[in-house]
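Taking the working numbering, the leading residue of the sequence shown gets 1, the next gets one more, and so forth. Think of the CB as a built atom: it goes at the ideal place given N, C-alpha and C, for glycine as much as any other residue. What follows is a set of notes on a single structure, which appears directly below.
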Amino acid sequence: MKRNIGNYNAAFPTPVVVVGSMVDGKPNWFEVAWVGIGDKDIVTLSVTPSHKTCEGIRATGRLSIALVDEALMQRADYVGIVSGKKVDKSEVFDWTAGDLGAPIPTDAPVVMECELLDTYTQHGMNLLICKVKNTYAEESLLDEKGKIDYGKLKPILFEPRFNYLLTGHIVSPCIEPGKAYK
């Protein structure tokens with residue numbers, strides 16, 4: 001029997017990402033775990049607008065979104081718990097500028113360089129609508145068709161009891177289970 005647990009958003013887990021932007025000539029980073037997909041080239045981020053990284057996003061209209069794997073988890077968590085207004089986070093990740101000028105962490109396995117399209121504010125949170133312009137991926141994570149193999153990447157996910165989950169196990173290819181249903 002199911003129990004009604006109220007207006008709880010159960011659309012979790014979501015990928016953990018590190019978002020970067022240039023602020024006063026230096027990169028600033030913060031961790032975001034409320035990430036969504038708007039379309040094949042649209043990513044949404046739900047963020048508190050007071051973050052220092054958001055200053056850079058508003059000023060430049062450019063940002064990077066790096067998927068977090070187990071190797072990046074400790075640093076990703078760190079940039080999520082310390083404020084860029086109090087601590088210089090510019091050296092937490094080695095970085096290079098992407099084609100649009102957003103800071104790209106060099107040791108992140110997959111990074112999307114994005115353009116900010118729009119911002120919606122609701123209940124004190126900003127929903128950033130971002131268009132993916134460039135995706136940088138480690139070649140070792142690509143399959144024979146040049147697509148990201150998430151079984152190899154094993155991105156970290158966030159669940160709202162404040163735990164990180166490790167992915168990587170493939171249960172079945174999509175569409176196959178539906179063919180067997182009758």
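Check                                                                                                                                  : Outcome
Can you tell which of H169, Y181, T106, T135 has its C-alpha closest to the C-alpha of P27?                                            : T106
Does the stretch 6 to 21 come close enough to the stretch 91 to 105 to have 3 or more Cβ pairs within less than 8 Å?                   : yes
Please classify F30 as buried or exposed, where buried requires at least 16 other C-beta atoms within 10 Å of its C-beta.              : buried
So is N126 buried or exposed if we call it buried at 16+ other beta carbons inside 10 Å?                                               : buried
Is the stretch 89 to 98 close to the stretch 32 to 39, with three or more CB pairs under 8 Å?                                          : no
Which residues bound the beta strand (DSSP E) around C114?                                                                             : 110 to 122
Hey, how far is the Cα of L128 from the Cα of L72?                                                                                     : 23 Å
For K85 and C54, I'd like the C-alpha separation in whole angstroms.                                                                   : 11 Å
Go ahead and pull the three-state DSSP assignment for T48.                                                                             : coil
Taking DSSP's pairing of strands, which residues face D39 in a bridge?                                                                 : I42
Would you please state the rounded distance, in angstroms, between the beta carbons of V16 and A76? I believe it to be under 8 Å.      : 6 Å
What residues in its chain sit with their C-beta under 6 Å from that of A137, if we drop five residues either side in the sequence?    : V110, I148
Note down the Cα distance separating G151 from T167, rounded to an integer number of angstroms.                                        : 7 Å
Return the CA-CA distance between K45 and D118, expressed in angstroms with no decimal places.                                         : Lys is not the amino acid found at residue 45; the sequence shown has Leu there. Rounded to whole angstroms, L45 to D118 spans 11 Å at the Cα level.
Return helix, strand or coil for A59, following the three-state DSSP convention.                                                       : helix
Using a threshold of 8 Å, state whether the C-beta atoms of V47 and V68 are closer than that.                                          : no
If you count every other CB in all the chains shown that lies within 10 Å of the CB of R161, and 16 or more means buried, which is it? : exposed
Between the alpha carbons of Y181 and Y8, how many angstroms are there, rounded?                                                       : 31 Å
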